[in-house]
Every structure is written in C-alpha cells, then in structure tokens.
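Peer 1: Following this message is one structure expressed as structure tokens.
Protein chains: 2
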Amino acid sequence: MPNWPQTPVRLKDIAHDLNVSVMTVSKVVRGCADVGPETRKRVLARIKELNYQPNWVARSLAARRTFIVGLIVPDLMHSFFAEIAKGISNSLRPLGYDVVICNSEEDATLEASEIDRLLARQVDGLILASAQPPSATDAFARIEARGVPFVLIDRRFASINASFVGADDEAIGRLATQHLIECGCRRIAHIAGPKTTPGVGRLKGYQDTLAAAGLDAPTGYVIHATDDASGYEATKKLLALSSVPDGIFGYNDPVAAGAIKAVLEAGLSIPQQVKVIGAGNVHYSDLLRVPLSTVDQRSTDIGTHAAEILAKALSSKRRRAVSSVLIEPRLVPRESTGR
Amino acid sequence: MPNWPQTPVRLKDIAHDLNVSVMTVSKVVRGCADVGPETRKRVLARIKELNYQPNWVARSLAARRTFIVGLIVPDLMHSFFAEIAKGISNSLRPLGYDVVICNSEEDATLEASEIDRLLARQVDGLILASAQPPSATDAFARIEARGVPFVLIDRRFASINASFVGADDEAIGRLATQHLIECGCRRIAHIAGPKTTPGVGRLKGYQDTLAAAGLDAPTGYVIHATDDASGYEATKKLLALSSVPDGIFGYNDPVAAGAIKAVLEAGLSIPQQVKVIGAGNVHYSDLLRVPLSTVDQRSTDIGTHAAEILAKALSSKRRRAVSSVLIEPRLVPRESTGR
DNA sequence: CTGAAAGCGCTAACAC
DNA sequence: GTGTTAGCGCTTTCAG
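If you read the protein sequences in the order shown, they are chains P and B.
Quick note on the working numbering: the first sequence kicks off at 1 and runs consecutively.
Quick note on the working numbering: the second sequence kicks off at 1001 and runs consecutively.
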C-alpha cells in the first residue's frame, strides 16, 4: 500500500512525468477526443498509477461550473422531504451533479441566508421547498439576478414565475374530505397547516367540498398544527368542543398521527366514533395505532420530476421556459376511516 | 429594485471603483484589522451598494480550505440518520461550515465513490456512518492519505484508528433483553441487524444476557432484518416456529414496528402474549399500533459530539489525537412490553 | 493532434 | 495602513 503524499497529485505532475503539456493531460482526463491514442494510453496509465483525482475546486473556478445543485427543505426529519431529497440525489448523481442539502427549519430568514451561501458557493442550480412567506419575492429575485436556474417544489408562490413541481393540494383537500363524507361523517374538522400553498390549498379543498355537500363547519373546526406533537394538542382542543367532530382531516400524516393518539386517549374509538385521514402517505402510516387512511402525493416522483426539469435547464444555454408538474393525488383508504 | 448584473461583482470591481487595491478590499471583506477606518467605511458602503458576495470557489482555491464538511449516511429516510444530520449541520453552521450530505444506500461501493467525490471537492473534513464491510480499510486509507480529518459515527471499525461517536451497542442489547426478562419473557427472539458493529454488538448483548439468565434461544430465534418491511417478514417466520417466542427484541425501531404489525396480524396480543422492544427511539415510536418500548441512543447527541470532535480537528494545525465518545443508552419502556 | 498564452476570483507573504 | 508579487489547479481559446 503506497503512502500517497499529503499534497495530492496535480495535472502538472503527470504532464511533467510524461513530458507532455498540462493541456494534453487535462484533455485526457476530461475524455476529449482530440488526443493521440498512444499519448492517451500513457497518460491514463500514469493517472492510475498515481491515483490522480482532479481538484474540483480548481476545475469549477476555471470552468465556471461547479456541478453542484443546492436543495433547501424546511425539515429533513419529515420523511416526505427526506424522500424527495433521495429522489433528487438519485436522479442528479448519474448526470455528474452533487446535491448539497440544507435544512431551513421552516425559517424564512435562515432560508434566505442559506440561499445566499449556496449562490456564493456558485451552485449551478437550486431546488427549494421554500419557507418564505407567500408574498415574499426577495430571495427568489436574488437567485434570478444571478441567472441561476431553480425549481420550486411542494410550495408554490403566486408572485414568482418559476418552474414548480408539487401535488394538487386542493384536490388533496377535496379527496380527503369527500372520503370522510362518503364514510358517513357529518361533523368534519380540519387540522390545517401553515399559510403555505399546501396548507392553504388543502384547506380550500376541504371548505369547497363541505360547501358542495351542504355541510358546514362550526367555529373551531379549523385549527392549525404542523407536526405530530402539535397535531396531538390541536386534536385535544377539537375534542373539547361542544359538538365533537366525527371526522378529522389532518393537513399531513404526522398531524393525523398525533390526532389518532389524542382521540384514542380521549376514550373514543377509531373509526367507529371518529374517523381520521391524513395526507402524504409517509412510509410508517400503515404501522400507526390505527393504520392511517391518507392521500398519497408521490414524494419520490416530486423529486425526480424536479431533478429532470432542473437538469434540462442546466444543459441548455438559453433561458428555458418555465415548466411545471402537478402531481395527481391518490386516495389510500385504511382502517382509520373504516376502510 | 436594482437589476444586478448576471456576472457577479468581484473584488476587483470594488477596488477599481474606489481606487484602492484588491487586497485592501479583500481585507475588509474578511474583517482584517489592518485597514484604515476611513477606507474601511468606503469599501463597506460600496459592498452593500453592489451587494457583493465573495466567490467561495475562488476563495477556497486560494486559501486551500473550502469550509465544507462531508457527511455520508446509509439512509436518510431512517429518521435516526436524519436526526444526526440535523445535529451536525446545526453545530457546524455557526462555525462557518456547510455540510454536504450523501446517501450511500447501504452500499459500500457507492459509498467509496462518494468519499472520493467529496475528497475531490476538497472537503475540509468528513463524518461517516460507513457501510463498508467490517474488515474494509481501503476507503479510510484514502482519506487518511489526503490528511483529511474524519470521524466515524454509529458504526465502528476495529482495524481503523479513528475518532468514533456512537452508542454502546452491547449495552443496548443487554438493556433490551434484560427488560424483556424482567417483564416475564422466557422465550426471547432477536431480529438482528446487518454485520455492522451496531448489529453485532446488540446481538452479543442479547446473547450474553440470555446466557447470564440461564435462558437459551432455540434455533431460528435469531433472524435478520433491516427495516419495517423486512422486520415484518422476519417476524412471520418467528411466529411459525414450533416454540413461539413470548418476547422479541428488534435491532432497531423500524424492525420492531414491523414485528408489531406481524404479531397483531397473527392474532396475538401485545404485550399479553408477546412483548416487543426496539432500539433508537425514533420520534414516531409512541404513535405505533402499540406504543413501542425502546432503548434510546440519543441520535442528536451523536451528531453534536461528532461535529465537536471534527471541529476541533479542523481548527488545529497539528494532527489531533483520536478521541471517541460512547453514548450510554437509556431504557424507554412503553406499552409494547407492558410498561 | 498538441501546446502556449491567458486567465477564473481570490488570498498568502511580504514589501513599501 | 496599503499595495505588490505570486500563485491556488484547472480550463478556455487559439495558434502551431
């Protein structure tokens, strides 16, 4: 086992060893065609011998491309985003890109600074599930000013004309609410999410469907939460209402899982007395206290589609037209709504 | 809203505008002390005006430091690793480091290539939950050859003299098994993990504790699985044994969650007829069909400790002594073992 | 097919 | 305090 030097081998070293120019070696490394087969062989041999690895920092500076794509998500712990991240990495890696994943913790300021860091690191492109407030435009403007292509996922921004990949959130809201109605629920509450498009869209789908069915929601039937812990607390409030709901639609699966816990703790049965449905189809939905009915939004597809759109933008010199993908949600009935 | 140029502002531009040298501007940017207060003010003003952002690629090349740390985990979807990743990012960000997260998919070859990519990108340090086979040494050797500091997490490698942060896996095995025994189990099966130190250590803790208690495990009582799906399948086999176990210790929480599903489907009750315990204390353990007893290994702490050790190594010029942290596990009894 | 020239944008080390 | 001189390791462009 050779003990390689602490200072890595450079193109220059190989060129010197072989009495060829740095350029020639560089061309071989990058697989350019215009190199004599004999020269190429010698260079390749030496490269293997010395275990040469190109310095990507230098390469990036000279080539003005880093082959790095930034991804910002609000919460890696939520398996929905972990799944998306995985889909993106897997799609982009074969194309030679590395993905730098950042966690914004659902904090717009932190996110903005992450965006700036990534831009300073000269990423070639950006994918964001943004935690910016709906009207915000500043952070995106800085990306556009730099001419860096980016695609929004999960959360849309009306004021921004950018590519988007995500679920049809109103459809999710309609699907979930309609399902509860069909299962016989009449007093349907909604644990709504934050004021992002998924939160707002699902809420609207819920309200529209209720209205269309001639049902109405008493005050207090719409309450906010973001994860299992807050979903649990929210549900306790719901159950304390004078008119206890017989159906609960949770903005996402973690919230719905928290709801299940609270309902059972209150001594009510699921699905007999209260039916619960979530959204997202996280992989452990089936393992919960009561297997959770949910609306699938195909997270992995969101990742692959986003990667695909970005890849196209990265490979075309001209500014590409904005292109979007709306993923059609799919009902996954399980025990929590009586199946 | 100014429309900034596509080609970003450079030090040179600012220097030119102000009739000072590039160096002076550079010094101001980096906050060096040796700059006249008047000059500094002018430079700062222009920087704000032009929204100058240093080019980190160029800076990295010149300074021979990227302020990037690589993190490789086998599976981001497993919330244990997501939690660690979060702990690491949060600890390292304030020190000016960005963390590049890679997923090895539990594949040693893929991991080796990720390591090489990260090294080629000139990361300043590396943190790995490695998927290399226990005897492997090659990939680590390449890191050391480059003189890049690294710390191993979760999985240890006997042949490698490197810093390590992880749980005391034998203790986890002992704690879980002992708990089952104390809950009255006599026929205790183990769904073991892969042949990594956590898998092997927990298995040993299980075997030692069984032996110490004078219990023995019939053939077929140790079976392998890695996630909820395979844990579910493994448990079905366990339940088909002539002597059905009355206690199951799952290598990790997902496996144990799969076990719960299989046991209930078989018409057996938990914890009355079969008790189940996992390890890891993933955040949804409490929301499972039966709230899962588990052994907590404080994932976030693993991340912060690893970050701390690496940070020390990064800030000291001399090669640091290897330092390790063994996290003491803690029993978290819930309903799945009768509490 | 090969290579010389000219940087990429920034920083270390040392003069002034 | 400020500026100069030299790169970092690689690629682009264009001449031979």
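From the three backbone atoms N, C-alpha and C, an ideal C-beta is built for every residue, glycine too.
Predicted, not measured: the structure shown is a model, and the values here were computed from it.
Taking only beta-carbon positions, decide if A1083 of chain B is within less than 8 Å of chain P.
Peer 2: According to the sequence as given, residue 1083 of chain B is Glu; it is not Ala. Judged by the 8 Å Cβ criterion, E1083 of chain B is in contact with chain P.
Peer 1: Is the beta carbon of L1294 of chain B less than 8 Å from the beta carbon of V1263 of chain B?
Peer 2: Leu is not the amino acid found at residue 1294 of chain B; the sequence shown has Thr there. No. Outside cutoff.
Peer 1: Should V276 of chain P and G250 of chain P be called a contact, given that it needs their Cβ atoms to be closer than 8 Å?
Peer 2: yes
Peer 1: What did DSSP end up calling I1327 of chain B once you bin it into helix, strand or coil?
Peer 2: strand
Peer 1: For L95 of chain P and A85 of chain P, which I take to be in contact (beta-carbon distance under 8 Å), what is that distance rounded to the nearest angstrom?
Peer 2: Separation of the CB atoms of L95 of chain P and A85 of chain P is rounded to 16 Å, and the pair is thereby denied contact status at 8 Å.
Peer 1: Buried or exposed, going by whether 16 or more other CB atoms sit within 10 Å of the CB of H1078 of chain B?
Peer 2: buried
Peer 1: According to DSSP, which residues form a beta bridge with N1090 of chain B?
Peer 2: None; N1090 of chain B has no bridge partner.
Peer 1: Can you give me, in chain order, the residues of the stretch 1095–1109 of chain B that have a beta carbon less than 7 Å from any beta carbon in chain P?
Peer 2: D1098, V1100, I1101 and N1103
Peer 1: Taking Cβ positions, are V332 of chain P and D296 of chain P nearer each other than 8 Å?
Peer 2: yes
Peer 1: Please list the terminal residues of the continuous beta strand (DSSP E) segment that includes I1160 of chain B.
Peer 2: Element bounds for I1160 of chain B: n/a, residue is neither H nor E.
Peer 1: Where does F150 of chain P fall in DSSP's three states?
Peer 2: strand
Peer 1: Determine, for R320 of chain P, whether the minimum Cβ-Cβ distance to residues of chain B falls below 8 Å.
Peer 2: By the rule that beta-carbons nearer than 8 Å mark a contact, R320 of chain P does not touch chain B.
Peer 1: Whole angstroms are fine: how far does the CA of Y1052 of chain B sit from the CA of F1067 of chain B?
Peer 2: So the alpha carbons of these two residues sit roughly 19 Å apart.
Peer 1: Between M1077 of chain B and chain P, is any beta-carbon pair separated by less than 8 Å?
Peer 2: yes
Peer 1: At the level of alpha carbons, what is the spacing between V73 of chain P and A1145 of chain B?
Peer 2: 35 Å
Peer 1: Taking only three categories from DSSP, how would you classify D1253 of chain B?
Peer 2: helix
Peer 1: Hey, is Y52 of chain P's beta-carbon within less than 8 Å of any beta-carbon in chain B?
Peer 2: no
Peer 1: Pull up the distance between the alpha-carbon of E265 of chain P and that of G1205 of chain B, whole angstroms please.
Peer 2: Near 35 Å, if we compare the C-alpha coordinates of G1205 of chain B and E265 of chain P.
Peer 1: At a Cβ threshold of 8 Å, is V9 of chain P touching chain B?
Peer 2: no
Peer 1: Quick one: is G1147 of chain B near chain P, going by C-beta distance under 8 Å?
Peer 2: yes
Peer 1: What would DSSP say about A1136 of chain B, mapped onto helix, strand or coil?
Peer 2: coil
Peer 1: I need the straight-line Cα distance from E106 of chain P to T226 of chain P, nearest angstrom please.
Peer 2: 10 Å
Peer 1: Using the DSSP secondary-structure output, state which residues sit across from I1191 of chain B in a beta bridge.
Peer 2: Beta-bridge pairing links I1191 of chain B to B:I1223 and B:G1250.
Peer 1: What residue does the beta strand (DSSP E) around I1270 of chain B start on, and which one ends it?
Peer 2: Where I1270 of chain B is concerned, there is no enclosing beta strand (DSSP E), given that its DSSP letter is neither H nor E.
Peer 1: Cβ atoms of V282 of chain P and E335 of chain P: under 8 Å apart, would you say?
Peer 2: no
Peer 1: What is the DSSP secondary structure of S1293 of chain B, counted as helix, strand or coil?
Peer 2: strand
Peer 1: How big is the Cα-Cα spacing for K22 of chain P and V28 of chain P?
Peer 2: Note that residue 22 of chain P corresponds to Val in the displayed sequence, not to Lys. Each residue's alpha carbon lies about 10 Å from the other.
Peer 1: Just checking, does the stretch 1167–1184 of chain B make contact with the stretch 1206–1213 of chain B on the three C-beta pairs under 8 Å criterion?
Peer 2: yes
Peer 1: Say whether the stretch 319–333 of chain P touches the stretch 1025–1041 of chain B, bearing in mind that this needs 3 or more beta-carbon pairs closer than 8 Å, one atom from each stretch.
Peer 2: no
Peer 1: Could you have a look at P2 of chain P and say whether DSSP puts it in helix, strand or coil?
Peer 2: With a pLDDT of only 47 at P2 of chain P, under the threshold of 50, the placement of this residue in the model should not be trusted; the figure read from the coordinates follows. Here P2 of chain P sits in coil by DSSP.
Peer 1: Taking only beta-carbon positions, decide if T1066 of chain B is within less than 8 Å of chain P.
Peer 2: yes
Peer 1: Where does G1166 of chain B fall in DSSP's three states?
Peer 2: strand
Peer 1: Can you give the Cα-Cα distance for I143 of chain P and A112 of chain P, rounded to whole angstroms?
Peer 2: Straight-line measurement puts the Cα of A112 of chain P at about 10 Å from the Cα of I143 of chain P.
Peer 1: Report all residues from its chain with a CB closer than 6 Å to the CB of V151 of chain P; omit the five preceding and five following residues, and keep chain order.
Peer 2: I127, S163, A306, I309 and L310
Peer 1: Taking buried to mean at least 16 other C-beta atoms within 10 Å of its own C-beta, is P1254 of chain B buried or exposed?
Peer 2: buried
Peer 1: With a threshold of 16 other CB atoms inside 10 Å of the CB of E49 of chain P, please say whether the residue is buried or exposed.
Peer 2: exposed
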